[in-house]
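*Asks:* Once you've had a glance at the structure underneath, I'll fire off some questions.
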Amino acid sequence: MKIGVVTFPGTLDDRDAARAVRLAGGEVVKLWHADADLQKVDAVVLPGGFSFGDYLRCGAIAAQAPVMESIIDAANGGLPVLGICNGFQVLVESHLLPGGLIRNENQHFICRDQKLIVENVDTAWTHGFKLGQEITIPLKNGEGGYIADDETLKRLEGDGLIAFRYSEVNPNGSVNNIAGLRNERGNVVGLMPHPEHAVEPGFGPDTPLAMRSGVDGLTFFTSVLNQVVNS
Amino acid sequence: MPKADLLDPAGKAVANALQRKGNAEITNVRIGKRIELHYAKTPTEAEVEAAKQIAADFLSNGVIEDVVAVTVEN
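Here the protein sequences line up with chains A and B, keeping their order. Position 138 of the first sequence, counted from 1, bears residue number 560 in this note's numbering, the numbering being contiguous throughout. Position 68 of the second sequence, counted from 1, bears residue number 160 in this note's numbering, the numbering being contiguous throughout.
What follows is the structure in structure tokens.
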């Protein structure tokens, strides 16, 4: 099962995302922003970072890259796509997910282990979770405040398109505590926190059991691998 | 410009600094962008229309920003 991990100029977390795919049992295919060939991958991860220096708007220039033309087409055809942090911003700028992301309400760059509630499990990337499950994965962003107009929000809430909500703390002022979204079909998921940083014991968030033992992020990757195997 | 009903954290930080400096009459600050597109010759009407489209589709994000004006200057 081949999962493409895209690198744009300024991407930071492509290697961690690739490592997460491998730990989950998948094969990694490196995709380059300037190459429109998706190399027959079964799913794509858009990792975090600061693509194109966050110039213009976060994710806006990356959304125009040749590789994104192919990814937008493929996503509209059902290819599973996960956007993490800057990857979420790219998905929003590509109109694969609605709304926008603005500077954190308190203007600080936030880096913390963040509790989330899983709000939807009918997606390629979340079906391994239980509905309402609380998970903890790292969050690190400066422009993670999710916003959308009232009509869009009503649709997101009404159609069950919110995939994750912040629990206990809303770190960036996101409306309705929205941490992540899914599309109608459930193949596209985007979120600000970083599942790929919580996949290996010894390197994840602290849990009540042991320091740095949190691996809640691994389920994103095992979910898509199971779905790809089953389909 | 950031939409009027949206929080503009950068503008708010500048407004706070101005008020600290004693400019109590300034109640709010909003920070936008100016983007210049350069042409070899004065752009035609069609090119200005194309620039307006670029401004709406790519240079701004309608969810969070409004295009205030597209003007031709020398």
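The C-beta atom is built at its ideal place from N, Cα and C for all residues, glycine as well.
Quick one: give me the first and last residue of the alpha helix (DSSP H) that Arg-112(B) is part of.
*Replies:* Here residue 112(B) refers to the residue found at position 20 when the second sequence is read from its first residue. Arg-112(B) -> alpha helix (DSSP H) spans 101 to 112.
*Asks:* Going by CA-CA distance only, name the one from Asp-476(A), Glu-556(A), Phe-474(A), Ile-494(A) that's closest to Val-467(A).
*Replies:* Here residue 467(A) refers to the residue found at position 45 when the first sequence is read from its first residue. The shortest Cα separation from Val-467(A) among Asp-476(A), Glu-556(A), Phe-474(A), Ile-494(A) belongs to Ile-494(A).
*Asks:* Does DSSP put Leu-504(A) in a helix, in a strand, or in coil?
*Replies:* Taking the first residue of the first sequence as position 1, residue 504(A) is located at position 82. If DSSP states are grouped into helix, strand and coil, Leu-504(A) belongs with the strands.
*Asks:* Just list the residues that DSSP pairs Glu-157(B) with in beta bridges.
*Replies:* For this step, residue 157(B) is matched to residue 65 along the second sequence. Glu-157(B) pairs with Pro-94(B).
*Asks:* Hey, out of Ile-584(A), Leu-583(A), Ile-600(A), whose CA is closest to Val-591(A)'s CA?
*Replies:* Taking the first sequence and counting its residues from 1, the one referred to as residue 591(A) is at position 169. The candidate whose alpha carbon is nearest that of Val-591(A) is Ile-600(A).
*Asks:* Have a look at Ile-539(A), Ser-473(A), Asp-464(A), Phe-551(A) and flag the residue whose alpha-carbon is nearest the alpha-carbon of Leu-513(A).
*Replies:* Locating residue 513(A) in the first sequence gives position 91, where the first residue counts as 1. Comparing Cα positions, the closest option is Ser-473(A).
*Asks:* For Gln-555(A), which option in Glu-565(A), Trp-547(A), Tyr-568(A), Glu-541(A) has the closest C-alpha, if you only look at C-alpha atoms?
*Replies:* As a working mapping, residue 555(A) is identified with position 133 in the first sequence. Closest by alpha carbon: Glu-541(A).
*Asks:* With 16 as the cutoff for other CB atoms within 10 Å, does Met-490(A) come out buried or exposed?
*Replies:* Numbered from 1 along the first sequence, position 68 holds the residue referred to as residue 490(A). Classification for Met-490(A): buried.
*Asks:* Taking three-plus beta-carbon pairs below 8 Å as touching, is the stretch 440 to 450 of chain A in contact with the stretch 515 to 533 of chain A?
*Replies:* The stretch 440 to 450 of chain A is not in contact with the stretch 515 to 533 of chain A.
*Asks:* Would you mind stating whether Thr-545(A) and Ala-585(A) have Cβ atoms separated by less than 8 Å?
*Replies:* As a first step, residue 545(A) must be located in the first sequence, where it is residue number 123. As a first step, residue 585(A) must be located in the first sequence, where it is residue number 163. Against a cut-off of 8 Å, the Cβ pair of Ala-585(A) and Thr-545(A) comes out as a contact.
*Asks:* Is the CB of Ala-102(B) under 8 Å away from at least one CB in chain A?
*Replies:* Mapped onto the second sequence, residue 102(B) falls at position 10. Yes, Ala-102(B) lies at the interface with chain A (some Cβ there is under 8 Å from its Cβ).
*Asks:* Pick out whichever of Asp-436(A), Lys-462(A), Phe-551(A), Gly-595(A) has its Cα sitting closest to the Cα of Gly-567(A).
*Replies:* Position 145 of the first sequence, counted from the start, is the residue given in the question as residue 567(A). With distances taken between Cα atoms, Gly-567(A) lies closest to Gly-595(A).
*Asks:* Keeping to the same chain, check which residues put their C-beta closer than 7 Å to that of Glu-141(B); ignore five residues upstream and five downstream.
*Replies:* For the purposes of this step, residue 141(B) is taken as the residue at position 49 of the second sequence. Hits under 7 Å: none found.
*Asks:* Classify Cys-533(A) as buried or exposed, calling it buried when 16 or more other Cβ atoms lie within 10 Å of its own Cβ.
*Replies:* Start at 1 with the first residue of the first sequence, and residue 533(A) comes out as number 111. Per the 10 Å Cβ criterion, exposed.
*Asks:* Under a three-way DSSP split, which group does Arg-534(A) fall into?
*Replies:* Your numbering for residue 534(A) matches position 112 in the first sequence. Reduced to three states, the DSSP call for Arg-534(A) is strand.
*Asks:* At 3 residues or longer, what runs of the beta strand (DSSP E) sit wholly inside the stretch 430 to 467 of chain A?
*Replies:* Segments of the beta strand (DSSP E) lying fully in the stretch 430 to 467 of chain A: 449 to 454.
*Asks:* To the nearest whole angstrom, what separates the beta carbons of Pro-539(A) and Leu-613(A), a pair I think is in contact under 8 Å?
*Replies:* For the purposes of this step, residue 539(A) is identified with residue 117 of the first sequence, where counting begins at 1. For the purposes of this step, residue 613(A) is identified with residue 191 of the first sequence, where counting begins at 1. Per the sequence shown, residue 539(A) should be read as Ile rather than Pro. About 12 Å separates the two Cβ atoms, so there is no contact after all.
*Asks:* Compare the Cα-Cα distances from Val-106(B) to each of Ile-123(B), Glu-128(B), Val-155(B), Lys-133(B) and report the closest residue.
*Replies:* For the purposes of this step, residue 106(B) is taken as the residue at position 14 of the second sequence. Taking only the C-alpha atoms, the option nearest Val-106(B) is Ile-123(B).
*Asks:* If you measure beta-carbon to beta-carbon, which residues of the stretch 129 to 151 of chain B are closer than 8 Å to chain A?
*Replies:* Cβ contacts with chain A come from Phe-150, Leu-151.
*Asks:* Going by Cα to Cα distance, which pick from Asn-598(A), Leu-575(A), Arg-441(A), Asp-435(A) is closest to Gly-471(A)?
*Replies:* As a first step, residue 471(A) must be located in the first sequence, where it is residue number 49. Closest by alpha carbon: Asp-435(A).
*Asks:* Looking at the structure shown, is Glu-611(A) part of a helix, part of a strand, or coil, going by DSSP?
*Replies:* By one-based count along the first sequence, residue 611(A) stands at place 189. The residue asked about is misnamed: residue 611(A) is Val in this sequence, not Glu. DSSP places Val-611(A) in strand when its eight states are reduced to three.
*Asks:* Cβ closer than 8 Å: which chain B residues qualify as neighbours of Ile-494(A)?
*Replies:* As a first step, residue 494(A) is located in the first sequence; it is residue number 72 there, counting from the start. By Cβ distance, chain B contributes nothing, its closest Cβ being about 14 Å from Ile-494(A), past 8 Å.
*Asks:* Hey, does Gln-529(A) have any beta-carbon neighbour from chain B nearer than 8 Å?
*Replies:* For the purposes of this step, residue 529(A) is taken as residue 107 along the first sequence, with counting starting at 1. Interface residue, yes.
*Asks:* Hey, is the stretch 452 to 467 of chain A in contact with the stretch 480 to 490 of chain A, meaning 3+ C-beta pairs nearer than 8 Å?
*Replies:* At 8 Å Cβ cutoff, the stretches touch.
*Asks:* Between which two residues does the beta strand (DSSP E) containing Ile-494(A) stretch?
*Replies:* Residue 494(A) sits at position 72 when you count from the first residue of the first sequence. Note, Ile-494(A): premise wrong, no beta strand (DSSP E); alpha helix (DSSP H) at 488 to 498.
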